[in-house]
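S.K.: Straight run, no breaks: the sequence shown in this note's numbering ends on number 1043. Beta carbons are placed, not taken as given, at the ideal position from N, Cα and C, and that holds for glycine. Just so it is clear, the structure is predicted and the values come from calculations on it, not from any experiment.
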Amino acid sequence: MIKKRTNKLTDRFRESRKDPSESHYVQGPPSSPQFSFIVCAGLAALVFLLYYQIAYAFCTAEGLQDMKAHAKFALEFYLKPEVFFKTWLRVPHMLWHLIVKFFQSRIHIPLEEAASLTFALFGVFSFAVTAWFLCSLISAYTGQQRLGLASFGASLLSFAGPLIMRWYADGYTGQFTPNPLHNPTHTACKGFGLLAMMAGIDIIRSYRNQKALFFKGGKQYFWFGLFSFFSVLAKPTFMYMLLPAGIIMVLLDLLKAAVKKTPSVKAVWSAAWRLAVAALPSCAYILTEYTALFFFGKEQGTSVILTKPLEVWHFFSYDVPTSILLGMFFPIWMLLTNLGYFYETVEGRLSVLGYMMGVLEFSVLAESGSRKDAGNFSWCMMAGMTIFFTVSVCRLTLSTLRQKSGVKHAAYLLFSWFLLFLHVYSGLSLYNVFSSIL
């Protein structure tokens, strides 16, 4: 009996490990490009509206929280060099603030509306990048253009949150989300971080002799360097997660090629040093930002330290495994049911490594002194959650399009989509969209 079950699991792993392009997919009814673009535009408008309303509710609420604090801080950015430098020392990740300041000072939009507009625009930008990511993967694996379906997945990913369980610490304490919509800088860096990941995927695929999926015209190293730099300019935590995960993945490929003594060693090594050069501007800005913030800026005397495992996490949750499960139920379910896909594909492996790196950083790294209880390395984990959720939605979409019948497959799809919708409903509920915004 045990051997039979083991064989079934092995067969399932091998099946899901196959290149998704080898599967047979349902040919959907032909739809005009205009209709697909209309669907995409409509969903983008919905994302814009909800993001704007969420941000405006935060900006006009009583008390001081992330959104309002960042909006007020944006007023301090002036073009006078000495004033600008002093302000930059306080918050070097300033991309969102500069755009808010532009809308407020040059176009004369009131501060609350300027902050909400900026937040909504970054939300739509992230939505568009996610739709491109999903559409490109679906097209590469199925041979079909599914912009409408990709846009639908991207809209769901714009609001996915932790599962709300009122019996567990008031439903949120200790849970984290790929969409912390109360924080504008995370939303500002997310789209650029995804673009950097997409360029990295193309680079890894190139030395594996696979076709590029996203930047087919070449210059992947340039795009990686550019988008990673803009990501750290908005908030460095996405790159804190993605760069180490990418390094581990490239090193594993290099080690595998060296052990097998294949000619691909040169190709992997060439990609590795080119990636390192492309990442130099981002790393230089991160180091400059760290020096400015912790030695001359508002966090003087603070430093990054190694702390006891899960010490900071326990500030937010008394039950870490439950927090992880409620925040990541859907991607964990997709991982367990598609181990081969996440092991074999570049996007699958990178998403798992990214999330694991984010969890590791949040578990053992902290800021010293009174800043420790801020748990700022949780942003690295939430960036990892973002790419893990995104790749999981891609896999679910591919599974839905497969020509595979049967009650078990239908039940699997039904339960998987149910889980994803539950995450989306919970995310919207978390920000009171149903009760106070709409």
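(1) In chain order, what residues of the same chain lie with their CB nearer than 8 Å to the CB of L799, ignoring the 5 residues before and after it?
(2) When you compare each of S997, F757, L722 to G953 by their alpha carbons, which one comes out closest?
(3) Can you give me the C-alpha to C-alpha distance between I643 and P625, rounded to a whole angstrom?
(4) Using the Cβ count rule (16 or more neighbours within 10 Å means buried), how would you classify P697?
(5) Label Q709 either buried or exposed according to how many other C-beta atoms from any shown protein chain fall within 10 Å of its C-beta, with 16 as the threshold for buried.
(6) If I measure Cβ to Cβ from F947 and keep anything under 6 Å in the same chain, skipping five residues before and after, which residues do I get?
(7) Counting pairs of Cβ atoms below 8 Å between the stretch 964 to 979 and the stretch 904 to 921, do you hit three or more?
(8) Which word fits N788, buried or exposed, when buried means at least 16 other C-beta atoms lie within 10 angstroms of its C-beta?
(9) Closest to I743 by C-alpha separation, out of K1009, T896, C999, would be which residue?
(10) Between S756 and G748, what straight-line distance do the alpha-carbon atoms span, to the nearest angstrom?
(11) Are the stretch 644 to 653 and the stretch 1023 to 1035 touching, with three or more C-beta to C-beta distances below 8 Å?
(12) Between A804, A725, A889, which lies nearest to F663 when the distance is taken from Cα to Cα?
(13) At which residue ranges does the stretch 873 to 954 contain complete alpha helix (DSSP H) runs of 4 or more residues, listed in the order of the chain?
(14) Find the nearest neighbour of E717 within the set L700, Y657, Q750, judged by alpha-carbon distance.
(15) Helix, strand or coil for A971 per DSSP?
(16) To the nearest angstrom, report how far apart T723 and Q780 are at their CA atoms.
(17) Going by beta carbon distance, what residues of the same chain come within less than 7 Å of I1031, once the five residues before and after it are set aside?
(18) Determine the extent of the alpha helix (DSSP H) in which I809 is found, giving its start and end residues.
(19) Could you tell me if K673 is buried or exposed, where buried requires 16 or more neighbouring beta carbons within 10 angstroms of its beta carbon?
(20) Give me the residue from L1019, T950, F834 with the minimum Cα distance to W938.
(21) Cutting at 7 Å between CB atoms, please list the residues of its own chain near L1006, excluding the five before and the five after it.
(22) Can you say whether P638 is buried or exposed, counting buried as having 16 or more other CB atoms within 10 angstroms of its CB?
M.R.: On the basis of the coordinates in this document:
(1) S731, V734, T735, F738, T991, I992, T995
(2) S997
(3) 28 Å
(4) buried
(5) buried
(6) L940, G953, V957
(7) yes
(8) buried
(9) C999
(10) 17 Å
(11) By the C-beta criterion, the stretch 644 to 653 is judged not to be in contact with the stretch 1023 to 1035, since fewer than 3 inter-stretch pairs fall below 8 Å.
(12) A725
(13) Those alpha helix (DSSP H) runs which fall completely within the stretch 873 to 954 and span 4+ residues are 918 to 921, 925 to 942, 944 to 949.
(14) Its Cα nearest to that of E717, the residue Y657 stands out among L700, Y657, Q750.
(15) strand
(16) 27 Å
(17) The question names Ile, yet the displayed sequence has Ser at residue 1031. Cβ within range, chain order: G766, P767, L768, I769.
(18) 789 to 812
(19) buried
(20) L1019
(21) Cβ neighbours of L1006 beyond the five flanking positions: Y630, V631, T747.
(22) P638 should be labelled exposed.
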